[in-house]
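Residue numbers (full-length UniProt numbering): 1 to 358.
The beta carbon of each residue, even a glycine, is placed where N, CA and C say it ideally should be.
Computed from a predicted structure; not experimentally measured.
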DNA sequence: AACCCGTGGTT
DNA sequence: TAACCAAGGGT
């Protein structure tokens, strides 16, 4: 067993202290190879690492687990994913949010399939050049899948570094400073396990609200713990208030059970996703926007209302419902046969509207 | 550089 | 209940 006394901290062996902690405290995840197996030479599949990392962008592990399992069951490798129809991938992603991720996921899979022979490049710069792979994900795949010594800087690492070094500069200004501190600690040995170890530390011990400093493997060298500032770090610039927008959705059911839906344009909010036709969504309107119905029908207003909050605004939607005959011609959207309509293919705000029908 | 882009759980 | 937060990337 390696020595983890305070002596290590003073001699600057923080990475080893953390790796020792990780060896016994690593969280188990479907895309992860545990530290014991990694030491025996096993490496995680780069496709699974990449897929999990994209899903985990701004998304909790608990939410990602089931999506990840469904994706790898349906598309076991990048070639299979690259061959999938857009609508199937967007439908499987529905509910996860940040739908540009799914569009870029497909673009990336197709580039890897066509230009890299179906193999993810073991090269940081080549990874960074792929759609949907930014600085964090490139470093994560390079280190976790290929054990290349790159430094991940996500929300966890920012928090851990801000506390370890008692950095009071608010985010996002502090980002370059925190990156430099994180890079200085990244070891050449086991960089993949180290990257996952820092994130596990941030997720389980060095948590945002009440950090468990008493059981932290870095409690001795931690400057914020010494200063009593851990729970207040990292500082963040205040966020803008969210405006409230209003709009109307139209839900039409044909006599054969088909639903009138449209695929949204692949740019902007809910881009590329299935949804109910409706009005524009406007700020604090005196009169709620009604727009133009997508089909000629006897529309009835529903009493209920959909409330939903996006990243940067609240939304309140009123609903109108109609039953139409087989001869009816949509002005917008297309009828989707009930046999091929899965409510789970809808983004959450649209599924809320469907659920409101009962 | 600043803004856009989802959702669900926690406090 | 409202605010905060999560393995960020694109433009």
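- Per the DSSP secondary-structure output, residue 68 pairs with nothing in a beta bridge.
- In the three-state reduction of the DSSP assignment, residue 94 falls in the coil class, being assigned neither a helical nor a strand state.
- Residue pairing of residue 275 in beta bridges, as defined by DSSP: 262.
- By the beta-carbon neighbour count (other beta carbons within 10 angstroms, threshold 16), residue 119 is exposed.
- Secondary structure at residue 152: coil, using DSSP grouped into helix, strand and coil.
- In this structure, the alpha-carbon of residue 109 lies about 33 Å from that of residue 181.
- If you draw a straight line from the Cα of residue 73 to the Cα of residue 263, it is about 25 Å long.
- Residue 221 and residue 67 have their alpha carbons spaced roughly 38 Å apart.
- Under the DSSP assignment, residue 115 falls in the alpha helix (DSSP H) whose first and last residues are 100 to 115.
- Comparing C-alpha distances from residue 91 to each of 357, 353, 354 and 340 shows the shortest one belongs to 340.
- Of 304, 77, 315 and 170, the smallest CA-CA separation from residue 280 is found for 315.
- Under the rule that a run must span 3 or more residues, the beta strand (DSSP E) segments found entirely inside the segment 205 to 256 read 244 to 254.
- Within 10 angstroms of the beta-carbon of residue 248 lie 16 or more other beta-carbons, which makes it buried.
- Distance from the CA of residue 320 to the CA of residue 87, rounded to the nearest whole angstrom, comes to 26 Å.
- Looking at the backbone, the Cα of residue 102 and that of residue 272 are separated by about 9 Å.
- Burial is judged here by how many other beta carbons sit within 10 angstroms of a residue's own beta carbon; residue 234 has at least 16 and is buried.
- Our two residues, residue 83 and residue 166, have alpha carbons roughly 48 Å apart in a direct line.
- The alpha carbon of residue 276 has as its nearest neighbour, out of 22, 284, 191 and 355, the alpha carbon of 355.
- Three or more beta-carbon pairs separated by less than 8 Å link the segment 199 to 206 to the segment 19 to 31, which places the two stretches in contact.
- The closest CA to that of residue 254, considering only 336, 288, 224 and 289, is found on 336.
- If you ignore the 5 residues before and after residue 261, its C-beta comes within less than 6 Å of the C-beta of 274, 333 and 336, all in its own chain and listed in chain order.
- DSSP, reduced to helix, strand and coil, places residue 58 outside both helices and strands of the structure shown, so it counts as coil.
- Looking only at 31, 196 and 232, the smallest Cα-Cα distance to residue 208 is reached by 232.
- The three-state secondary structure of residue 190, taken from DSSP, is coil.
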